Amino acid sequence: MEHLLATSDSQVLQKIMAFFEHDELAYDLTEEQWSLVEERIAKYERGEGKTHSWEDVKRFAQQAMRE
């Protein structure tokens, strides 16, 4: 969850937003986690987030698996 909350990839953020908009009550997140998700969504909507190419995302995933 921490990696997802730290991302600024627009496609990932859109999927996270859609995921949470379906039924907020179905997800067991703390108020702090919800605040962080909402903050990231607002940042994305303001165009302040950094996006990554699919190649970048694959490289990040491969690096994370090595750690």
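Going by this note's numbering, the first residue of the sequence shown is number -15, and it counts up by one from there.
Backbone N, C-alpha and C define an ideal beta-carbon position, used for all residues, glycine too.
Since this is a predicted model, take the numbers as computed values, not measurements.
Same chain, Cβ closer than 8 Å to Leu(-3), five either side skipped, listed in chain order: Thr(-9), Arg24, Ile25, Tyr28, Gly33
Closest by C-alpha distance to Gln17, when choosing among Arg30, Ala48, Ile0: Ile0
Reduced DSSP category for Asp12 - H, G, I as helix; E, B as strand; rest coil: coil
Cα-Cα separation, Asp12 to Glu5: 14 Å
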